[in-house]
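Trainee: Pasting a structure here, questions to come.
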């Protein structure tokens, strides 16, 4: 006789199966959420930032070798996470409009200056006295170490207020320099007198940074010294003026060389008084 194999399922069994389905669904959602969070975290980890390194010069040298091997320009940016313009520039670097240009044409390294630490060993490697602003943006032909944008570097002191389109045009322009244009920029060489002057005032500026460093740390931590802002503004005017004059001298020399000028005008080397607190 045929026996019906169907058996009645109890309400308890139905409830347990329903609970199992709910738990399985929640587990799947949690797993998918974890993957999404990991993906976002991975993207955030690739955002350019200024992270402390015990070997910043060695890091730059390694990046220079990599740029040479990959036939790209070297892009060295000196800045700090406490600096509004530095973090603004890093944000632009990670934009959809600019990121592909940098990835295609540049090997980029972000150098942390900390609380105004000395990074002259890096800038002087590329024949530049020191960093006069945060951020300082250096575009370099890596095989020769030629600094290509020395005539236009001061603009990046206000990096956060520069339109994205200007970023795109600027870094595209330098990526498209011809060999002839790069060779012309390689001709730059300060006179011995100017080199001595640059070294002297770079050292004076670094000494001012050393004085400001603990005051900057206190300011970041909410304990601002009464004299900090006045001292900061005084140093800012000094370093900005030094950089503007440095660019003017470089432009004058390079333009004279390009025009085959003879009897070029002698560069002005302004002497400055000590800081008010010295």
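In my numbering, the protein residues as written are 2 to 279. Positions of the beta carbon are idealized from the N, C-alpha and C atoms, including for glycine.
With DSSP as the reference, label residue 252 as helix, strand or coil.
Mentor: Helix, per DSSP.
Trainee: Could you check which residue in 134, 109 and 211 has the C-alpha nearest to that of residue 68?
Mentor: Per the Cα distances, 109.
Trainee: Check whether the region 209-222 touches the region 110-117, counting contact only when three or more Cβ pairs, one atom from each stretch, lie closer than 8 Å.
Mentor: Counting Cβ pairs under 8 Å, three or more are found: they touch.
Trainee: Can you tell me the Cα-Cα spacing of residue 74 and residue 174, whole angstroms?
Mentor: Each residue's Cα considered, the two are about 12 Å apart.
Trainee: For residue 71, does the count of other Cβ atoms within 10 angstroms reach 16, so buried, or fall short, so exposed?
Mentor: Flag for residue 71 reads exposed.
Trainee: Does the region 129-147 come close enough to the region 95-102 that 3 or more CB-CB pairs lie under 8 Å?
Mentor: These segments do not touch.
Trainee: Using the Cβ count rule (16 or more neighbours within 10 Å means buried), how would you classify residue 184?
Mentor: Classification for residue 184: exposed.
Trainee: Rounded to a whole number of angstroms, what is the C-alpha to C-alpha distance between residue 53 and residue 126?
Mentor: Their backbone Cα atoms lie some 20 Å apart in a straight line.
Trainee: What residue range does the alpha helix (DSSP H) around residue 92 cover?
Mentor: From DSSP, the alpha helix (DSSP H) with residue 92 extends over 85-94.
Trainee: Out of 177, 195 and 112, which has the shortest C-alpha to C-alpha gap to residue 60?
Mentor: Of 177, 195 and 112, the residue nearest in Cα terms is 112.
Trainee: Have a look at the DSSP bridge pairing and note the partners of residue 142.
Mentor: Beta-bridge pairing links residue 142 to 147.
Trainee: Should residue 176 and residue 241 be called a contact, given that it needs their Cβ atoms to be closer than 9 Å?
Mentor: Not a contact, by the Cβ cut-off of 9 Å.
Trainee: Just tell me which of 239, 106 and 83 has its CA closest to the CA of residue 222.
Mentor: Cα-wise, what sits closest to residue 222 is 83.
Trainee: Going by C-alpha to C-alpha distance, which of 253, 138 and 270 sits closest to residue 201?
Mentor: Residue 270 is the option with its Cα nearest to residue 201.
Trainee: Enumerate in chain order the residues of its own chain whose CB-to-CB distance from residue 1 is below 7 Å, with the five nearest sequence positions on each side excluded.
Mentor: Here the chain comprises residues numbered 2 to 279, so residue 1 is not present and cannot be evaluated.
Trainee: Taking all protein chains shown into account, do 16 or more other C-beta atoms lie within 10 angstroms of the C-beta of residue 150, making it buried, or fewer, making it exposed?
Mentor: Buried, since its Cβ has 16 or more Cβ neighbours within 10 Å.
Trainee: My output table needs one value for residue 110: the three-state DSSP class, helix, strand or coil.
Mentor: Residue state, collapsed to three classes: strand.
Trainee: Report the residue from 77, 165 and 276 whose alpha carbon sits nearest the alpha carbon of residue 208.
Mentor: Ranking the options by Cα distance to residue 208, first place goes to 276.
Trainee: If we ignore side chains and look at the alpha-carbon of each, how far apart do residue 58 and residue 256 end up?
Mentor: Distance between the alpha carbons of residue 58 and residue 256 is about 31 Å.
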